[in-house]
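Participant:
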Amino acid sequence: MPELPEVEAWRRALNDPVSAFPVEHAGPAHIATLKTFDPPLSTLEGRRFAGAERRAKRLLFPTEDGELVLLVHLMSAGRIRYLLAGEKSPKTAAFCLRFQGGGELVLTEGGPKKRAGVWLLTPEAAEAELEHLGPEAVGLGEERLGEILATEPRRLHSLLRDQRIVSGIGRAWANEILHTAKLSPFAPAQGLSPGQVSQLAEAIDSELARGLALRERGAKDAQVYRVHKKLHEPCHVCGTPLERVDFEEHTIFYCPECQTGGRLLKDRRLSRLLR
Ligand SMILES: [Zn+2]
Numbered sequence: 285m286p287e288l289p290e291v292e293a294w295r296r297a298l299n300d301p302v303s304a305f306p307v308e309h310a311g312p313a314h315i316a317t318l319k320t321f322d323p324p325l326s327t328l329e330g331r332r333f334a335g336a337e338r339r340a341k342r343l344l345f346p347t348e349d350g351e352l353v354l355l356v357h358l359m360s361a362g363r364i365r366y367l368l369a370g371e372k373s374p375k376t377a378a379f380c381l382r383f384q385g386g387g388e389l390v391l392t393e394g395g396p397k398k399r400a401g402v403w404l405l406t407p408e409a410a411e412a413e414l415e416h417l418g419p420e421a422v423g424l425g426e427e428r429l430g431e432i433l434a435t436e437p438r439r440l441h442s443l444l445r446d447q448r449i450v451s452g453i454g455r456a457w458a459n460e461i462l463h464t465a466k467l468s469p470f471a472p473a474q475g476l477s478p479g480q481v482s483q484l485a486e487a488i489d490s491e492l493a494r495g496l497a498l499r500e501r502g503a504k505d506a507q508v509y510r511v512h513k514k515l516h517e518p519c520h521v522c523g524t525p526l527e528r529v530d531f532e533e534h535t536i537f538y539c540p541e542c543q544t545g546g547r548l549l550k551d552r553r554l555s556r557l558l559r
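Following the numbering used here, the numbering of the sequence shown begins with 285 at its first residue and continues without gaps.
1. What's the call for R338, buried or exposed, on a 16-neighbour Cβ count within 10 Å?
2. Near K514, which residues of its chain fall below 7 Å by C-beta distance, leaving aside the five closest residues on each side in sequence?
3. Anyone know if the C-beta pair for E287 and G425 falls short of 8 Å?
4. What does A313 pair with, by DSSP beta-bridge criteria?
5. Going by Cα to Cα distance, which pick from Y509, A378 and L405 is closest to P324?
6. Mark F379 as exposed unless 16 or more other C-beta atoms lie within 10 angstroms of its C-beta, in which case mark it buried.
7. Listed in chain order, which residues are found with a beta carbon closer than 6 Å to a heavy atom of ligand 1?
8. Report the residue from L548, R501 and D530 whose alpha carbon sits nearest the alpha carbon of E292.
9. Quick one: what's got a C-beta closer than 6 Å to M285's C-beta in the same chain, skipping five residues either side?
10. For T524 and S468, I'd like the C-alpha separation in whole angstroms.
11. Whose CA, out of L414, G330, L355 and A313, lies closest to the CA of K375?
12. Taking all protein chains shown into account, do 16 or more other C-beta atoms lie within 10 angstroms of the C-beta of G452, making it buried, or fewer, making it exposed?
13. With 16 other CB atoms within 10 Å as the buried threshold, where does R559 fall?
14. Closest to E351 by C-alpha separation, out of L298, P407 and H357, would be which residue?
15. For I315, does the count of other Cβ atoms within 10 angstroms reach 16, so buried, or fall short, so exposed?
16. G387 and P301: beta carbons closer than 8 Å?
17. Using the Cα positions of L318 and K341, report the straight-line distance between them to the nearest angstrom.
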């Protein structure tokens, strides 16, 4: 799933092209992708976007007149691109906007499941839609993070992924961040020392910044991730083979030397706990 660095890299790339010309034609949209019907998509035609914004893992395109917001959530498999005039558009677009001048904003989604969503909202409705999200992960800082951790009786990996608590981090970046912070993915959030809270706050900022810089240069997953999906590859810090553990419905990757004092973590899949 695209997380904060990936979505922010797209936002930066889309900001100028989407605001260069007014929308000429809005749609077509896959019935499962477009989540709203009022106002109709055609309301966008003739209006210009002010640019591209981001909140958590969502992209927002507010219109220049301040009346509408197009909200896009790509989920796991959605991808969004701006095609220049004359570039061939994909046959299977889940959503499309054509601009005066001939450019197109195109959302595609691999696989049979249509989970990505597009909403056309008033600014008030967009605000309500985003209300449940916790603060942005970047720039949270030691003090604010400490307050959040103190109130959450949760394990770190699952807490970092919870968008209501901290927004923008998913399982890939939770793996990278906890490795850099030298913290066990299963460590209870309330049990961290002030030094560990500070390490975690720094790791959140440094890892998400590293991810954004690489994604802006077009780097692929294999070059961006150092821990996520790197089972048995040597840890880039200590050389120990990386391990994996299943927790709830997620697979977590970690270094037993850097993060868990040499211990291997035991699976805590729901299916195993229920047996
Ligand atoms: Zn290591």
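Backbone N, C-alpha and C define an ideal beta-carbon position, used for all residues, glycine too.
Facilitator: A quick look at the data gives this:
1. buried
2. L526 and F537
3. no
4. F379
5. L405
6. buried
7. C519, V521, C522, T524, C539, E541 and C542
8. R501
9. S360 and G454
10. 15 Å
11. A313
12. buried
13. Any answer about R559 is weak, because its pLDDT of 45 lies below 50 and its placement is not dependable; what the coordinates show is given next. Result: exposed.
14. P407
15. exposed
16. yes
17. 18 Å
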